[in-house]
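Note sheet for the following structure.
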Amino acid sequence: MDDSPRVDQLDSDRLLLVAPNIAHHPFILEAVLESQHTLAPFMDWLPHALTESSSIENTQQAIDDFDMFINELRYSIFEKSTGQLVGVISLIIRNIAIPYFEIGYWLRSSKEGLGYMSEAVRTLEQYAFNDLNAKRVEIKTAYENTRSRAVAERCGYHQEAILINDRILPSGAISSTVVYAKVAE
Numbered sequence: 016m017d018d019s020p021r022v023d024q025l026d027s028d029r030l031l032l033v034a035p036n037i038a039h040h041p042f043i044l045e046a047v048l049e050s051q052h053t054l055a056p057f058m059d060w061l062p063h064a065l066t067e068s069s070s071i072e073n074t075q076q077a078i079d080d081f082d083m084f085i086n087e088l089r090y091s092i093f094e095k096s097t098g099q100l101v102g103v104i105s106l107i108i109r110n111i112a113i114p115y116f117e118i119g120y121w122l123r124s125s126k127e128g129l130g131y132m133s134e135a136v137r138t139l140e141q142y143a144f145n146d147l148n149a150k151r152v153e154i155k156t157a158y159e160n161t162r163s164r165a166v167a168e169r170c171g172y173h174q175e176a177i178l179i180n181d182r183i184l185p186s187g188a189i190s191s192t193v194v195y196a197k198v199a200e
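Quick note on our numbering: the sequence shown kicks off at 16 and runs consecutively.
This is the structure:
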């Protein structure tokens, strides 16, 4: 989808959402290492994101995906006041023919409870609906991930379903997925 209006930076009141750049990888690695205990229960990618080489590889994949408008548009989230990376948010391309997207995210542990992820979700959602003409945007999360569920609910997403016993958490426990969605008006 080469004619798609890719945007390299999205702004909100307190945050900058910036397209992937290889220069971000040390900041992402630092945030992942700081936050691994809060991310570990839900993020199956975590064991593969704890080294410099994996961080570089993952960042390069995000750059390639962004440039080709495939898989996901990943943004690094920076706090405007300090320039610190506070997390990552992605617009996952589920079906470009509709267009239908999913938002995925993680937040640095030291920045939890400040409303940053809700602000980032609202910013990315606006881009999806206004610039990419999304018909549907959804957020999926593990049933036990109450913080992620709270973000979806605070941002006005409607709980559509609970998919019982459809996922395995990194611990090996079987879990359910909560599906939240917003659709174009």
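We put the beta carbon where it would ideally sit given N, CA and C, even for glycine.
Would residue 74 pass as a contact of residue 39 if the rule is Cβ separation under 9 angstroms? yes
Which residues share a DSSP beta bridge with residue 93? 31 and 100
In chain order, what residues of the same chain lie with their CB nearer than 6 angstroms to the CB of residue 184, ignoring the 5 residues before and after it? 190
Taking the straight line between their C-alpha atoms, what separation do you get for residue 168 and residue 59? 23 angstroms
For residue 47 and residue 198, I'd like the C-alpha separation in whole angstroms. 32 angstroms
Along the chain, where does the alpha helix (DSSP H) that runs through residue 202 open and close? Residue 202 lies beyond the residue range present for the chain, which begins at 16 and ends at 200; the question has no answer from this structure.
Is any heavy atom of the ligand GTP found at a distance shorter than 8 angstroms from the C-beta of residue 84? Questions concerning the ligand GTP fall outside what the structure shown contains, since it holds no ligand whatsoever.
Bounding residues of the alpha helix (DSSP H) (the contiguous stretch that carries residue 131): 131-145
So what's residue 180 in DSSP terms, helix, strand or just coil? strand
Pair within 9 angstroms by beta-carbon distance, residue 111 and residue 84: yes
Is DSSP giving residue 162 helix, strand or coil here? helix
DSSP bridge partner residues for residue 108 (one or two, in chain order): 116
From 35, 124, 27 and 20, pick the residue whose C-alpha is nearest to that of residue 71; which is it? 35
Taking only the alpha-carbon atoms, compute the straight-line gap between residue 153 and residue 194 and give it to the nearest angstrom. 7 angstroms
Alpha carbon of residue 16 to alpha carbon of residue 87, nearest angstrom: Its pLDDT being 44, under 50, residue 16 is placed unreliably in this model, and the value from its coordinates should be taken loosely. Distance between the alpha carbons of residue 16 and residue 87: 12 angstroms.
Under 9 angstroms between C-beta atoms, does residue 103 make it to chain B? In the structure shown, chain B does not exist; there is a single protein chain.
Can you list, in chain order, the residues of its chain with a C-beta nearer than 8 angstroms to that of residue 37? Leave out the 5 residues immediately preceding and following it. 71, 74, 75 and 78
Close-in-space but distant-in-sequence residues of the same chain around residue 141 (CB under 7 angstroms, 5 per side omitted): none
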